[in-house]
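Asks:
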Amino acid sequence: MTSTAVTRVRTALAAQPRLSLAQLPTPLHDAVRLREALGGPARCPRLLIKRDDLTALGLGGNKARKLEYLVADAQARGATTLITTGAVQSNHARMTAAAACVAGMRCVLVLTSTTTEPTLAGNLLLDRLYGATVRLVPSIDPMLAVGQDEAVVAAVVAEEEASGRTPYVIPIGGSSAVGVFGYVGGTAELVEQLATMTIAPTRLYYASGSRGTQAGLTLGAVLCEAPYLVYGVAVSAGEPEKIERARRIANEAATRLGLAERLDLPDLVTDQSFIGEGYGIPTEAGLEAIALVARTEALLLDPCYTSKGMAALIQHVRSGELSSSETVVFLHTGGMPALFTTDFVDAFARRRG
Ligand SMILES: Cc1ncc(COP(=O)(O)O)c(C=O)c1O
């Protein structure tokens, strides 16, 4: 029974250090007007949106769930400085900076940028507001979200130690075994909400980057006996390393939780067809998704992640891959600060003509 499975997961998670950073549970929103715009109940499945954009920490998003476990782990190890990496408009970096404020820690962000003086807007502006120290690294490939940041991270670790502080390095996207606990817990929460509503969705759509969310959602779905297929929509290149990372950290997380279940590569589903030209580059289908969801539900998707995830869902409704008798869940992972960057404003203006 699902409730027994969820209780077992909650008990295993309760033994892990956790710092309360997120406003939970997040709402599960019935997107009636979006469904209407996509053909209504005769053509479109019921659409539920899990509002993890409302986790509240530092403007919200999926990383709050991972950071609850990562920051607690850092504190348990006596760390005083959080260090993490990402693209210059990384939501994960912004939320790590916010978490450091709440936890009373220092934060150093090593961010990859295509320019030496990126505009102070969106997430980068918030990083500064939250008081993080930012170190820039040039980008090596627009199809990948990363630069060669290892040497800079090693230098920052050495500097922190030399100053008498204790650093804790959070991998890109918070995607480690400890970070995985966040979406194992997020799945327990969602499965309970669905059980209360007596709904069994067929798919859970979400935007997939560094794959910690995928590892947590997929492991969580197995552990909690979720009814749905966890359907990741990639926003950046990098297979097959990324799927291997998801499998490895999911299985490490299961080991740490003392649970016997394990994932294999076929359990991890990622659609590669909505990336477009590369990470962070808006697509036409994604821009259409942003406008449609804003105008029907007054919900804000972002140009980098959630718009590409929603573009996949919309295309699957229109192509008939999803039938009107189904229910699907879209996990809104946040990312709104990127709407307030010149890249998005320019793309939006060009599209409007
Ligand atoms: C808004 C948003 N959605 C989705 C993701 C993807 O999560 P993950 O990196 O765990 O795959 C991210 C990661 O930064 C994000 O910021």
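One rule links them: number in the numbering used here = place in the sequence shown (from 1) + 236. Think of the CB as a built atom: it goes at the ideal place given N, C-alpha and C, for glycine as much as any other residue. Every value quoted in this text rests on a predicted model; they were computed, and no experiment measured them.
1) Could you have a look at Thr352 and say whether DSSP puts it in helix, strand or coil?
2) Which class does Gly516 belong to by DSSP, given the choice of helix, strand or coil?
3) Does ligand 1 have even one heavy atom less than 8 Å from the beta-carbon of Arg586?
4) Measuring from each Cβ to the nearest heavy atom of ligand 1, keep the ones under 6 Å and list them in chain order.
5) Between which two residues does the alpha helix (DSSP H) containing Phe566 stretch?
6) Would DSSP call Val324 helix, strand or coil?
7) Please name the residue, chosen from Glu488, Leu459, Pro502, that lies closest to Gly468 on a Cα-to-Cα basis.
8) Short check: CB of Ala292 to CB of Ala300, under 9 Å?
9) Just reading off the alpha helix (DSSP H) that Gly468 is part of, what are its end residues?
10) With distances taken from CA atoms, which of Gly358, Leu345, Asp377, Glu353 is nearest Val370?
11) Quick check: Thr423 and Cys460, are their CB atoms within less than 9 Å of each other?
12) So the alpha helix (DSSP H) Ile485 belongs to, where does it begin and stop?
13) Leaving aside the five residues before and after Asp363 along the sequence, list all residues of the same chain whose C-beta is less than 7 Å from its C-beta, in chain order.
14) Can you give me the C-alpha to C-alpha distance between Thr351 and Tyr419, rounded to a whole angstrom?
15) Need the endpoints of the alpha helix (DSSP H) that Ala457 sits in, please.
16) Just to confirm my understanding: we take Leu290, look at its own chain, exclude 5 residues before and 5 after, and list those with CB closer than 6 Å. What are they?
17) Could you have a look at Leu255 and say whether DSSP puts it in helix, strand or coil?
18) Check this for me: beta carbons of Ala336 and Gly367, under 9 Å apart or not?
19) Quick test of your reading: Thr569 and Pro437, contact by CB under 8 Å. State the CB separation rounded to the nearest angstrom.
20) Around the C-beta of Gln384, are 16 or more other C-beta atoms found within 10 angstroms, so that it is buried, or is it exposed?
Replies: Let me lay it out:
1) coil
2) coil
3) no
4) Gly297, Asn298, Asn327, His328, Gly409, Ser411, Ala443, Ser444, Gly445, Ser446, Arg447, Gly448, Thr449, Gln450, Asp538, Tyr541, Thr542, Thr569, Gly570, Gly571
5) Here Phe566 belongs to no alpha helix (DSSP H); instead the beta strand (DSSP E) covers 563-568.
6) coil
7) Pro502
8) yes
9) Taken as a continuous stretch (DSSP letters only), Gly468 belongs to no alpha helix (DSSP H), being part of the beta strand (DSSP E) at 465-470.
10) Leu345
11) yes
12) 477-493
13) Ala329, Arg330, Ala333, Leu345, Val370
14) 34 Å
15) 448-459
16) Thr262, Gly296
17) coil
18) yes
19) At roughly 17 Å, the Cβ-Cβ gap does not stay under 8 Å, so Thr569 and Pro437 are not in contact.
20) exposed
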